[in-house]
Structures are given as C-alpha cells and as structure tokens.
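Okay, so here's the structure we're looking at.
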Amino acid sequence: MGAVREARKSFGLLRKALASRVLQKRTARAFASRPLTPHRFRVAVYFADSDVNMYQMRQWYRPLQELSETWPVVVMARNALGARALLDDGALPVTFVPSVLSVERFLESQDIRVVLYVNQNTRNFQMFRYGRRWHVFINHGESDKMYMTTNQYKAYDYALVAGQAARDRLTRVLWDYDVDRRTIEIGRPQADHYSGALPYTPDERTVVLYAPTWEGDRPAAHYGSVLSHGVELVAALLATGRHRVVYRPHPRSGVVDAAFGEANQRIIQAIRAANEQDPSAQHVYDDKPELGWQLAAADVAIVDISAMVYDRLAAGKPLLITRPADHAAEIDEGGYLSACEWLEPEAALRIVDEVDRVRADPAATERLAHWVGHYFGDTAPGAATAKFHAAVQLLMDRWDDWDARSTS
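Each residue of the sequence shown is one higher than the one before, counting from 165 in this note's numbering.
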C-alpha cells in the first residue's frame, strides 16, 4: 500500500507540474501580444504571489495610478495566476517575468530606479540581487501585528510607513536598524480614495458599518464576533428605525465553525426581512470586493481585531472594536488597542447606546484624534497622497545623487 500511495503522490505532483507549465506558457503568450514600451518605466511593483493575495495589490491601485501621472508604474508579476489576475484587472501595466532570466531581460529594457514591494514573499529575495535601484517596502496595510516588525525590514533599502506608530514599533523591536534614515512616513494614501457609489440614498439615519472578521483557525486568533456580538447587535440596530446597517462579513465566515456560518446567515436574513418590512431603510448586506465607501460613509464602524481597525482609523471617524469572547485570543494592547473603544460581548444588546456614546463623547473624540495622528499623521484629504509622491521624488533624487557618485 505504501508503494501505491507514493506512486499516486508522484503522479499527482507530475500532473500539477504539467498543469503549471501549461498555464505559464499560456500566460506568457497572452503577455507577448501586449508588449510594453521600452524605457518608459522608472517605478516597478514586484509581485510574486498568485491570485490568492491580489487584495494586497488592489488596495494600491488608485494611489499607484495617481503616481503614474508623474512616474509611470509597471507591475512585475512572477506567478502566472497573479499575472493573469493583474491583466484582467487592467489597473496598471503588467509584465510577466516568471524566471530570473526574464527579470533580467525586463530590467535591461527599462530604467527601473525604484522597486516597491507590497508583501514579504520569499521570492522578493531574488529581486534584491539587482543593485542601482532602491528596493522599498510599502506593505499592504497598517496594524500592530508581529508582521509589522519582522526583521525582513532590514533587507530593503527603505520602508514607506504610515506614521509614528510604525516607527516606534520598529525602534522597539529591531536591533541596529536606523529608523530615521530608512523609513519615510506617508500616512495611508489609500484613504484618499475611500469612495464609490453608495448603494442607498443618504438621509437622516445613522449609518453603522459592521465588518466582522472570520472565526479564526486557532484560539489565539479567535477574533470573530459574528456569534458573540453580531446577531444581537444587528437585531438591535435594525429595530430602531433610525439606523442603517451596512453588514460586511469576512468571506470565510463559517469555514471552520459552522455555528459562525449559521449566525452570519441569520444576520443576512434579518437584514433582508427589515428591508422587506421597510424598503426605505435600505440596510446593506455588502459582499462586494471593493472597499472604500463603507469606511468613509459610516457614521460609526464596528469591527473586530483585524486590518479593518486600521483601515477605519485612517478615516478618522468613530469606531468600536469588539472584545473577543475567547480569552485565549491574543490582544496586543501596546498601541491603539490600549485606549480604543471596546465593545464587550455583553454590551451587544446595548449597541444603540454605545453608538450614541462614541459619536457624542468628547473624551472618545479626543482619544480617537490622538491615535489617528499617531498612526497616520495628517489625514486631511490629499495629505497622504502628497507625502507618497514626495517620498518617491526623494528616492528619485537620491538615485540621481548615488548614480552621479558611482559614475564620477
């Protein structure tokens, strides 16, 4: 039986390899019919992931499109699935460079001076070998997770960080890392693009965004609130007649724990029933991939411990964070979570009072303003975009300086 299992495993691996090769060839042909103009691009985004992590690229599309008006941007895709997803999105010019040789040929055809990285894929290391250009980590979000202080930061020439909170984290954790020289604050440029068509007609109702995460796959990550908070708080808000609920659950809700999936469905059904009873309520079950208008339009947001905390914080508007019901869930209370507005499980039934409180309480407003500034700096419209563009200009100027030194 062991020999049979090994044979099946080997056959499966072979079939996978053949399928991958076929996909790679088809993808290469698709890109061959769309050649890029030589010597056009100075900025490249290096993306080595498949389509599973496309959210990391998509949140940067709008800021990078604006940057392209000054410095044309191209995406270097290493994975066939990722490359096809980027091509289908059509947001930015893309080149497919599956091999090191294809990377080298592309670099020879362009004048890439700044390479941006949105994640810590291990294949980033293959790109680091090429000098005469700045390698810059821009990340795909802001949070207090361990990921934000990995020693991998040292591999990049520079890191574009959101604000002082990021600099403090890096100073606290990384040994012998010159934070002042190697980090540049840019705020959250994505927040300048928190927009989109509203799926409801604005009126006097208070708009409450409830955006829970999934249940998690281990006790330390049991942050999901759909079961502990969600059903009760949504029911309470639907009942008032003066609130509009925008419900945006994590797409993986219920994958591990069926009870979470059932609670999610109860909330969706409750929203549908409330809209049938009062069509003017226009409550929203939001399962679309785009994220922007939800963060900007909500008067109050209720989120779990996740990247949504910081996405909403960048909007500078009131939010409540659900306290995990599982005491095994790990909470880093060294930053914003040390002073945030917690929503305990038993407070879900009092959600209307809690929503009113965070909107009207001067102390809550003052705390929010402090932490918004600490994490993102100036959040006035356009401020982060201006910082992002200035950071790239600074890198270009430094490139000119070092190029002049090396050729003199």
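We treat Cβ as the ideally placed atom computed from N, Cα and C, and that holds for glycine.
Note that the structure is predicted; figures quoted are calculated from it, not measured.
According to DSSP, simplified to helix, strand and coil, what is residue i?
| i | result |
| --- | --- |
| R408 | strand |
| A492 | coil |
| Y317 | helix |
| Y322 | strand |
| T486 | strand |
| L513 | helix |
| S444 | helix |
| D308 | coil |
| G246 | helix |
| T571 | helix |
| Q284 | coil |
| H386 | coil |
| K481 | coil |
| W235 | coil |
| P363 | coil |
| T549 | helix |
| T543 | coil |
| G425 | helix |
| V419 | coil |
| D381 | coil |
| D344 | helix |
| R352 | coil |
| R369 | coil |
| E268 | helix |
| Y474 | helix |
| E518 | helix |
From the DSSP output, which residues share a beta bridge with residue i?
| i | result |
| --- | --- |
| F205 | In DSSP, F205 forms no bridge with anything. |
| Y374 | Y411, I466 |
| T259 | M240 |
| H299 | V279 |
| F211 | A241 |
| Y449 | Y411 |
Quick check on the DSSP output: the beta strand (DSSP E) that includes residue i runs from which residue to which?
| i | result |
| --- | --- |
| E349 | 347-349 |
Let's see if you can read the secondary structure: which residues bound the alpha helix (DSSP H) around residue i?
| i | result |
| --- | --- |
| I276 | Neither: I276 is in no alpha helix (DSSP H) and is coded neither H nor E. |
| G537 | 526-540 |
| H505 | At residue 505 the sequence reads Glu, which differs from the His that was named. No alpha helix (DSSP H) contains E505, which DSSP labels as neither H nor E. |
| R199 | Note that residue 199 is Pro in the sequence shown here, rather than Arg. No alpha helix (DSSP H) holds P199; DSSP gives it neither H nor E. |
| S232 | 225-232 |
| E396 | 395-402 |
| R331 | 328-337 |
| R293 | No alpha helix (DSSP H) holds R293; DSSP gives it neither H nor E. |
| Q220 | 218-222 |
| L459 | 457-461 |
If you drop the 5 nearest sequence neighbours on each side, which residues of the same chain put their C-beta closer than 6 Å to that of residue i?
| i | result |
| --- | --- |
| W378 | G388, H414, R416, S417 |
| R204 | P236 |
| Q220 | V282, N283, H304 |
| D463 | T370, V371 |
| V343 | R331, L334, T335 |
| Q328 | H538 |
| M218 | A249 |
Return the chain-ordered list of same chain residues with a C-beta closer than 8 Å to the C-beta of residue i, the five sequence neighbours on each side being excluded.
| i | result |
| --- | --- |
| N428 | V390, G394, P413, S417, G418 |
| D451 | R412, P413, P415 |
| R406 | E368, R369, T370 |
| T347 | Y322, A323, L324, V325, A330, R331, L334 |
| R222 | D253, A255, P453 |
With a CB to CB cut of under 7 Å and the five nearest residues on each side skipped, what residues in its chain are close to residue i?
| i | result |
| --- | --- |
| Q316 | Q284 |
| R157 | Because the chain here runs from 165 to 572, residue 157 falls outside it and cannot be looked at. |
| G456 | H357, Y358, S359, G360 |
| F292 | H299, A319 |
| G480 | V536, T543 |
| R476 | L459, A465, V467, L483 |
| A489 | S392, P509 |
Give a single yes or no on whether residue i has its beta carbon closer than 7 Å to a heavy atom of the ligand ZN.
| i | result |
| --- | --- |
| A247 | The ligand ZN is absent from the structure shown, which contains no ligands of any kind. |
Taking contact to mean at least 3 C-beta pairs separated by less than 8 Å, is the region 248-258 in contact with the region 285-299? Touching, no, given that fewer than three Cβ pairs across the two stretches are closer than 8 Å.
Between the region 354-364 and the region 221-230, can you find at least three pairs of beta-carbon atoms closer than 8 Å? Verdict: yes, contact present.
Is it a yes or a no for the region 258-270 touching the region 543-551, going by three-plus beta-carbon pairs under 8 Å? As far as the Cβ criterion goes, the region 258-270 does not touch the region 543-551, which means the pair count is below three.
Does the region 361-368 come close enough to the region 333-341 to have 3 or more Cβ pairs within less than 8 Å? Judged by Cβ distances under 8 Å, the region 361-368 makes no contact with the region 333-341, as fewer than three pairs qualify.
Contact between the region 188-197 and the region 510-526: three or more CB pairs below 8 Å? Judged by Cβ distances under 8 Å, the region 188-197 makes no contact with the region 510-526, as fewer than three pairs qualify.
Pair every Cβ in the region 465-475 with every Cβ in the region 493-502, then say whether three or more of these pairs are closer than 8 Å. They touch, by the three-pair rule.
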